[in-house]
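Protein chains in written order, with our numbering: chain A, 7 to 417; chain B, 7 to 417. Cβ coordinates follow ideal geometry from the N, Cα and C atoms, glycine included. Taking it in order: structure first as structure tokens, then the write-up.
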């Protein structure tokens, strides 16, 4: 029998009524002939409450104990979920991460999965049971409980889907799929039927985060079809999958805007090998996550070095940059907090010409000034003034017909 | 270094403040040179809340899933407790039952311990850490989580004390020790310095239940000194240990009263082999727990058969007795709900004469009528009218000088 993995987030299992509703989804899949593996998160605000309990006792709780504590939330959900299925007449069995040999490294609070023992799960599926696995958690080689960090339950679900050879991994969430762009800004945005791993990875890293990048990377690596869909409505959501030829039919699949950004310019630094490396080493030491990097030669001896960061990292980033100022012989440091980044993403860019022109043209026509530009193979990003960000997203969305499904677009 | 096991019940770890207070006990023991193993229960009402969550989803939750659910409560406590110790500068590590190979049979919700892997605990103690173990839980041979039933955390503590060869197992509770009798009735009752396993087992089964019988049986079997003491006050409590000669210096160590009892008399049944067995088989089938049994011959052909039960079992017990009425040719069934049982317990009874006379004399002097009498090697019990129960306990307590410590008594 084909295996289906279904993942339910914390809001979808927050109370008895919601667990029963989620159980109905499982039952429907069983009735449709699937063997079902369920992955669930901690109920509602449980994880936050446990974190508060921990910090009440220790301002800097040991990470191993934090994992020991937080993993209980998911364990509670899956046992309760199994009880709900049992009450409806569907035999079910719940497992902790450790019980299904979800082996990870020993980096507590952000462990990475090394391997999964699928035998125990398959045996139970073969016996006709629904198997429930606590999300977000694993064990290291010594049997210590670990957790996978942000988005961990998605990663558990995708990894399990790979391990058991599931037909699909369904991610039930409070949105009904992935949209061409943010519908709160461009209300004509449409839901995508499918999107490639690479595209969603670019979009996720740009802040359109329905799912955490790690689970997508896992899906890409092990070729797991991920179906992001609504936990409330019945309709189909968006399939995240490997690129297929028709995805290249359009140049741009979606557009994103990333606000809460800041840009730091190091003006007129000495243009010699290793200077950029020194700056970014200093930023890394200060734990600043750098998004885009731009370097331009001013002369044979001088260059400007710019980079984008999250606004929350601004203080540390400024300090780190100031510390390097003398060493790289920087004339002045210039900080902009009033910016945002608009990006268009699409695997079709590889074969379509004129994407950049179309984007810049739309922005120019709307009198949006472009501060700087960066690109990847399947993405073009422009830094613009923050107060023009929403207008910029709208005109770009219109230019690329993001109000239409890819196959209905004219170009 | 000598090892000390300290067990804290749910009320002693109900919130952050109480966990910190319990941690101070641990720290004191560490400062006194002990290696400390802590066993803790679920915080406050957590277990009851989880049970309510389960029954909201399933009126008859599968026991395996119930264990999976309930075991999280203790896991949370020990990780939080470890954080509290860490915050105070004392390195600590928490374990689930499974992580310390607390192997049990697979009888979910009332599993029995088969073996404990002490190596992991000893290794951590040797590294100078306080080791915390989640009480009440274990794993079966297949890695399924099991729980030990009522009083399970006490059993965990005593079993761990046996496994690691602890000097003593301290049970912190909301009473400050074991008293000669119930101080709520006989306010002059005194705390015992020590009591034998056999005596506390007789008293526990008679309803003076500070600790569950199973943990005492474990202590007796593996010779673990159990120290029952207050989680609030500093003073010494009561040591439960193997009988030592001075315990026999007095006839009676303590007295108990068991209320909420009922007595059923089967009057004039056929006095032939197997009839009593038939009655008790019928009661067992109805899941009635029978306390004391009394049979008296009325003639060579007829006998009266009486037994004591808890009042909550009365309806089932009456039904079971009625069903057997014809088969044993019983003339009439007589039920008394207005009774209580007064008992005196002491290993000294084995060598002291006149205990029964002293007890019956005290009751007679106070005009307490004795309905029936049963005895064991170290116990004498009298069934009396319920409305005379407290008076009976008082006069018996005075007769045996239960207002004095054993060594201070005159006889």
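_CB of residue 138 of chain B within 9 angstroms of CB of residue 60 of chain B, strictly_ = no
*May I have the straight-line CA-CA distance separating residue 373 of chain B from residue 389 of chain B, to the nearest angstrom?*
14 angstroms
*Measure from the C-beta of residue 98 of chain A to each C-beta in chain B and report whether the shortest distance is under 9 angstroms.*
yes
_Backbone secondary structure at residue 130 of chain A - three-state DSSP_ = helix
*asked:* Please give the ranges of any beta strand (DSSP E) in the stretch 108-162 of chain B, keeping only runs that are unbroken, at least 3 residues long and fully inside the region.
replied: 119-121, 136-140, 143-145 and 151-153
*Got a sec, what are the start and stop residues for the alpha helix (DSSP H) residue 231 of chain A sits in?*
No alpha helix (DSSP H) holds residue 231 of chain A; DSSP gives it neither H nor E.
*Going by alpha carbons, who is nearest to residue 208 of chain A out of A:272, A:349 and A:294?*
A:349
*Is the number of C-beta pairs between the stretch 81-93 of chain B and the stretch 64-75 of chain A that are closer than 8 angstroms three or more?*
yes
*Counting along the chain, where does the alpha helix (DSSP H) carrying residue 22 of chain B start and finish?*
22-37
*Contact check, residue 312 of chain B vs residue 270 of chain B under 8 angstroms by CB: the rounded distance?*
7 angstroms
*Quick one: what does DSSP say residue 217 of chain A is sitting in, helix, strand or coil?*
coil
*Helix, strand or coil for residue 378 of chain A per DSSP?*
strand
*asked:* According to DSSP, residue 101 of chain A sits in a beta bridge with which residue or residues?
replied: A:139
_residue 235 of chain A, buried or exposed, once every other Cβ within 10 Å from all chains shown has been counted against 16_ = buried
*What is the DSSP secondary structure of residue 188 of chain B, counted as helix, strand or coil?*
coil
*To which residues of the same chain is residue 189 of chain A closer than 7 angstroms at the C-beta, ignoring the five residues directly before and after it?*
195
*Does the Cβ-Cβ distance between residue 82 of chain B and residue 31 of chain B come in under 9 angstroms?*
no
*Could one say the Cβ of residue 51 of chain B lies closer than 9 angstroms to chain A's Cβ atoms, at least one of them?*
no
*Check whether the Cβ atoms of residue 241 of chain A and residue 180 of chain A sit closer than 9 angstroms, and answer yes or no.*
no
*Rounded to whole angstroms, what's the CA-CA distance from residue 15 of chain A to residue 87 of chain A? Just pull it up for me.*
13 angstroms
*Name the chain A residues that come within less than 8 angstroms of residue 143 of chain B, Cβ to Cβ?*
Result: empty, since nearest Cβ-Cβ is about 12 angstroms, beyond 8 angstroms.
*Closer than 9 angstroms to chain A by CB, residue 26 of chain B*: yes
*asked:* Please state the DSSP three-state secondary structure of residue 272 of chain B.
replied: strand
*Counted within 10 angstroms of its Cβ, other Cβ atoms place residue 400 of chain A as buried (16 or more) or exposed*: buried
*In angstroms, rounded to a whole number, what distance separates the CA positions of residue 258 of chain B and residue 107 of chain A?*
56 angstroms
_Buried/exposed call for residue 306 of chain A, threshold 16 Cβ in 10 Å_ = exposed
_residue 92 of chain A, enclosing alpha helix (DSSP H) - first and last residue_ = 69-93
*Bridge partners - residue 260 of chain B, DSSP secondary structure assignment*: B:351
*Does residue 70 of chain B get closer than 9 angstroms to chain A when you measure Cβ to Cβ?*
yes
*State the Cα-Cα distance for the pair residue 75 of chain A and residue 66 of chain B, rounded to the nearest angstrom.*
28 angstroms
*Residue environment, residue 279 of chain B, which counts as buried when at least 16 other CB atoms sit within 10 Å*: exposed
_Can you pull the chain A neighbours of residue 112 of chain B, defined as C-beta to C-beta under 9 angstroms?_
Within 9 angstroms Cβ-Cβ: nothing; residue 112 of chain B doesn't reach chain A, min ~13 angstroms.
_Residues from the stretch 72-92 of chain A in contact with chain B, defined by Cβ distance under 7 angstroms_ = 74, 75, 78, 81, 82, 85, 86, 88, 89, 90 and 92
*Rounded to a whole number of angstroms, what is the C-alpha to C-alpha distance between residue 186 of chain B and residue 260 of chain B?*
4 angstroms
*What are the partner residues of residue 314 of chain B, as DSSP defines its beta bridges?*
B:269
*Can you grab the Cα-Cα spacing for the pair residue 327 of chain A / residue 288 of chain A, in whole Å?*
7 angstroms
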